[in-house]
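Each residue of the sequence shown is one higher than the one before, starting from 13 at the first, in the numbering used here.
I have placed the structure first, in the form of structure tokens, so that the comments after it can refer back to it.
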Amino acid sequence: MRRFGNPPLPGQTYRRRTGVYALLPRNGKLLITEQLRPEPDLQLPGGGIDPGETPVAALHREVMEETGWRIAGPLRLGSFRRFVYMPEYDMWAEKICLIYIARPTRTVGPPSEPHHLPLWMDADVAARKLGNAGDRYYAGLL
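In structure tokens:
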């Protein structure tokens with residue numbers, strides 16, 4: 013599986029964390045989320061898969077939590093991994109990122125997840141400004 017970002021640190025133990033992330037294009041723009049804490053970061057909407065949850069169910073839940081939008085027709089495009097420290101969980105993680113493309117269908121309210129703001133950004137701009145190289149790579153495919 014392709015890796016983006018830094019290689020694993022020698023001697024560091026990483027916990028594998030699989031998550032789902034969405035490319036949500038509409039009219040030349042991409043719906044992304046700005047996570048305000050612990051530091052501002054532009055991201056594809058998504059996150060970890062809960063125990064017993066399917067990836068597609070997690071994708072629907074995560075997009076709703078972080079953007080307030082419902083989606084339809086998710087299609088898996090690929091995956092990548094990255095090795096990072098996650099300060100919100102105080103852990104080192106090998107993040108397995110499953111990337112989907114889906115259609116944002118309607119907004120039903122504000123994000124329910126604290127410190128997230130939905131943003132519509134020109135897709136080519138998002139492909140340059142997203143906070144990690146894997147997200148930028150997949151946004152650049154649009």
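Quick reminder that beta carbons are idealized off the backbone N, C-alpha and C, glycines included.
Since I believe residue j is in contact with residue i (beta carbons under 8 Å), could you give me their beta-carbon distance rounded to a whole number of angstroms?
| i | j | result |
| --- | --- | --- |
| Leu110 | Arg88 | 6 Å |
| Glu74 | His128 | That belief does not hold up - the Cβ atoms of Glu74 and His128 are roughly 10 Å apart, past 8 Å. |
| Asp102 | Gly40 | Going by Cβ atoms, the distance from Asp102 to Gly40 rounds to 39 Å, so no, they are not a contact pair. |
What number of angstroms, rounded off, separates the C-alpha of residue i from the C-alpha of residue j?
| i | j | result |
| --- | --- | --- |
| Glu106 | Arg49 | 20 Å |
| Tyr150 | Pro116 | 17 Å |
| Pro22 | Arg94 | 15 Å |
| Phe16 | Gly146 | 6 Å |
| Tyr33 | Gly59 | 6 Å |
| Arg14 | Met76 | 28 Å |
| Arg82 | Arg148 | 23 Å |
Please return the same chain residues whose Cβ sits closer than 6 Å to the Cβ of residue i, not counting the five positions on each side in sequence.
| i | result |
| --- | --- |
| Thr30 | Ile61 and Ile108 |
| Ile113 | Leu35, Leu87 and Leu89 |
| Arg27 | Met103 and Ala105 |
Going by Cα to Cα distance, which pick from the options is closest to residue i?
| i | options | result |
| --- | --- | --- |
| Asp130 | Arg14, Leu42, Arg140 and Thr25 | In the sequence as presented, Asp is not what sits at residue 130; that position holds Pro. Here the closest residue by C-alpha is Leu42. |
| Gly143 | Leu71, Thr66, Val96 and Ala69 | Val96 |
| Asn18 | Pro63, Thr119, Ile83 and Trp104 | Trp104 |
| Thr119 | Ala135, His72, Ala139 and Gly152 | His72 |
| Pro123 | Arg27, Ile44 and Thr25 | Ile44 |
Less than 8 Å between C-beta atoms, sequence neighbours within five positions excluded: which residues of the same chain meet that for residue i?
| i | result |
| --- | --- |
| Pro52 | Glu46 |
| Glu125 | Glu77 and Glu78 |
| Gly121 | Gly80 |
Give me, in chain order, the residues of the same chain whose beta-carbon lies closer than 7 Å to that of residue i; leave out the 5 immediate sequence neighbours on both sides.
| i | result |
| --- | --- |
| Leu54 | Ile44, Glu46, Lys141, Leu142 and Gly143 |
| Glu100 | Pro50 |
(message) Which runs of the alpha helix (DSSP H) at least 4 residues long sit entirely within the segment 76 to 119? Give them in chain order.
(response) none
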